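Encoded as structure tokens, the structure appears first; notes follow it.
Residue numbers (this note's numbering): 387 to 1047.
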């Protein structure tokens, strides 16, 4: 069967080119993602000479030493891991759909082989051999593309500022091996499922014209669709009551499962929806509109294959970007709602606010309270491990005056030596309560045991650990101060800010009204979010656009006889082109609509899991990004379908009706 497979690939090159492109670019995408992650692993994490360290003993009795000089690559690695998940989901989705669609387009060929005596196992081996003929060179080409693109990808990642140090491309051997093995595995898995369907082709398929409509919903497809639908629905339903931390994976993976279910079950519900969507076309363009409606309603598998890539990329990009944007919007809304202070004071240069500057602020008659916490990194010993934690030297009483917060456990008061206050989030994560004992250490110092005096519920306004002034080895200066004005001065915050700037020196500190400070901070955060979204969705979106084009090329490579028949019946070339246009518009629009429903379910469930002080959690949707992606998908679909239709129209002839396809 190997010789037949090679000849089949050569003869149906237009059909297999879509599979080749999808697999090659999928391997390239995996290779670039793996090489970028490998670049973060090659960054030296050894402690530099002279950096302070601290040794703590965890609950198991194991002594562990942490250093303040260790590089924290967790942030950029988390972003790259999420980008890898997005890329892997889209790659698997596209490759599996492409292979299945390619086999479905050749049902009559499989029937002819069965008619001349080929058995089911022989047909299956032929299909698997075809996958190897295409997959091996595609994997090699994808590795070449990944090797060329990896240095540029790492350089672009450095430009985002997400990494604490500049990354350098590492060895490409193992990332490329991983990418090629992943691509070959995906191709074989995709073809295994498709080959089972090919092996079940009956000899009567050779006599069937509408071969795409026979048994579109197999038992396996139906079972997998039902299972993913149930799994996605359960995860989305559990997300609202799971809390902010657990709701994130539930909403993300639940939405992904729903997208898979929507694609698998597409042949059931897409044709009726498309017929309903195309009803206006019957009046707008009677001939071309009716032909388009019949085409998308009759060829159910082709319709589902065209809607699938649009649905997949919009669903995965939509849910990831919406969850990320909603998280940022909820954090900003909670910070604003909890902040009572009217002014924010920051130093112009590095080094923090000095004691004299804070004393000047507190001595002002118009100032009712000043809270200024000095951030400090410490090591904390837990029952089974030792980890780094962000703490702060702060006065919880002053913090409670400038911010809205409550005492969940213990009592609010000045922190005495040997006591600390913790945030409710920290208490929930690690199981600490009021009067619990926590062992921590300042880098360069000795272990310190402290009693938890209070558990404070104040959102992100409360540091995880609040330490009293005078902790041994802690010499951090406040990076920011919040000022609460008295009632008489609260309405003139702008004037007070200008006067304090003049008194303290505009070259030393900057006093800003709270509303303006939040607006400026939001602008910086939005820029960072856009960079993260670009890293997350950019490569996968580009891959999906190419996959949509490849699927359309595959589809039109088998429609020559159909279009020739239309021309012989008197349908004009313009009407055929408009039919292709209406088909593309309707399938793309339906993919956008289904993706919007799927993303809305996951986003609303995630939003309900978040809490904002004194108000409702805002739902932030990056309409610009999603709208641009949808428009790009539509543009690519229209361009490719019209170009392919024009090519077929130029080849129309009576002889092509009886020619082999």
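Yeah, the Cβ is synthetic: ideal placement off N, Cα and C, and Gly gets one too.
Note that the structure is a prediction, hence the values are computed from the model and not measured.
Check your understanding: In whole angstroms, what separates the C-alpha of residue 814 from that of residue 725?
Key -> 23 Å
Exercise for review: To the nearest angstrom, report how far apart residue 917 and residue 809 are at their CA atoms.
Suggested key: 30 Å
Exercise for review: Go through its chain and collect everything with a Cβ distance to residue 596's Cβ below 7 Å, but skip five positions before and after it.
Suggested key: Confidence in residue 596 is poor, its pLDDT being 45 and thus under 50, which makes the residue's placement too unreliable to answer from.
Exercise for review: Within the same chain, show all residues whose beta-carbon is closer than 6 Å to that of residue 432, passing over the 5 residues directly before and after it, in chain order.
Suggested key: Confidence at residue 432 is low in this model, with a pLDDT of 44, below 50, so the placement of that residue should be treated as unreliable; the coordinate-derived value is given next. Non-local beta-carbon contacts of residue 432 in its own chain, meaning distances under 6 Å to residues more than five positions away in sequence, are absent.
Check your understanding: Quick one, are the C-beta atoms of residue 868 and residue 719 less than 8 Å apart?
Key -> no
Review point. Which two residues bound the contiguous beta strand (DSSP E) that contains residue 442?
Key: 439 to 443
Review point. Using 8 Å as the threshold, is the segment 537 to 547 in touch with the segment 500 to 514, meaning 3 or more CB pairs across them?
Key: Segments in contact, no.
Practice item. Please state if the CB of residue 531 and the CB of residue 425 are separated by a distance shorter than 8 Å. Key: no
Point to revise | Own chain partners of residue 626 with C-beta closer than 6 Å, once the 5 adjacent residues on each side are dropped | key: 991, 994, 995
Check your understanding: Straight-line CA distance for residue 954 to residue 943?
Key -> Cα to Cα, the separation comes out at about 19 Å.
Review point. DSSP puts residue 775 in a beta bridge; with which residues?
Key: 764
Check your understanding: When you compare each of 988, 480, 872, 656 to residue 755 by their alpha carbons, which one comes out closest?
Key -> 872
Practice item. Keeping to the same chain, check which residues put their C-beta closer than 7 Å to that of residue 803; ignore five residues upstream and five downstream. Key: 854, 856
**Study point:** Simplified DSSP assignment, three categories, for residue 725
**Key:** Strand.
Check your understanding: Does the Cβ of residue 616 have 16 or more other Cβ atoms within 10 Å, making it buried, or fewer, making it exposed?
Key -> exposed
**Study point:** Within-8 Å CB hit, residue 866 to chain B
**Key:** Among the chains of the structure shown, chain B does not appear; only one protein chain is present.
Check your understanding: I think residue 472 touches residue 670, with their Cβ atoms under 8 Å apart; what is that distance to the nearest whole Å?
Key -> With a Cβ gap of about 37 Å, residue 472 and residue 670 do not count as contacting.
Practice item. Using alpha carbons as the reference points, say which of 751, 468, 738 lies closest to residue 874. Key: Measuring from the Cα of residue 874, the nearest candidate turns out to be 751.
Practice item. Check residue 896 in the structure and name its three-state DSSP category. Key: Looking at residue 896 - three-state DSSP - the assignment turns out to be strand.
Point to revise | residue 1025, buried or exposed, once every other Cβ within 10 Å from all chains shown has been counted against 16 | key: Classification for residue 1025: exposed.
Check your understanding: According to DSSP, is residue 750 helix, strand or coil?
Key -> coil
Exercise for review: Round the Cβ separation of residue 796 and residue 838 to the nearest angstrom and send it over; I've been treating them as touching at under 8 Å.
Suggested key: 7 Å
Review point. Looking only at C-alpha atoms, which of 1031, 877, 947 sits nearest to residue 969?
Key: 1031
Review point. Would a C-beta distance cut-off of 8 Å place residue 572 and residue 481 closer than the cut-off?
Key: Yes, these two residues count as a Cβ contact at 8 Å.
Check your understanding: Should residue 722 and residue 904 be called a contact, given that it needs their Cβ atoms to be closer than 8 Å?
Key -> When the beta-carbon positions are compared, residue 722 and residue 904 come within less than 8 Å of each other.
Point to revise | Coarse secondary structure for residue 825, derived from DSSP in three states | key: strand
Check your understanding: Using the beta-carbon count (16 or more within 10 Å), is residue 1041 buried or exposed?
Key -> Only weak support exists for where residue 1041 lies, its pLDDT of 45 falling under 50; the value from the coordinates is given anyway. By the 10 Å Cβ count, residue 1041 comes out exposed.
Point to revise | residue 676 and residue 686 closer than 8 Å at C-beta | key: no
Exercise for review: Could you tell me the distance, in whole angstroms, from the CA atom of residue 879 to the CA atom of residue 735?
Suggested key: 23 Å
Exercise for review: Could you spell out the range, first to last residue, of the beta strand (DSSP E) harbouring residue 795?
Suggested key: 792 to 796
Point to revise | Buried versus exposed call for residue 929 [16 or more other C-beta atoms within 10 Å across all chains shown] | key: buried
Exercise for review: Measuring alpha carbon to alpha carbon, tell me which of 760, 773, 805, 770 ends up nearest residue 785.
Suggested key: 760
Review point. Between residue 411 and residue 891, what straight-line distance do the alpha-carbon atoms span, to the nearest angstrom?
Key: 57 Å
Review point. Three or more beta-carbon pairs under 8 Å between the segment 729 to 743 and the segment 688 to 708, yes or no?
Key: no
Review point. Around the C-beta of residue 692, are 16 or more other C-beta atoms found within 10 angstroms, so that it is buried, or is it exposed?
Key: buried
**Study point:** Per-residue burial, residue 609 [other beta carbons within 10 Å of its own, 16 or more giving buried]
**Key:** exposed
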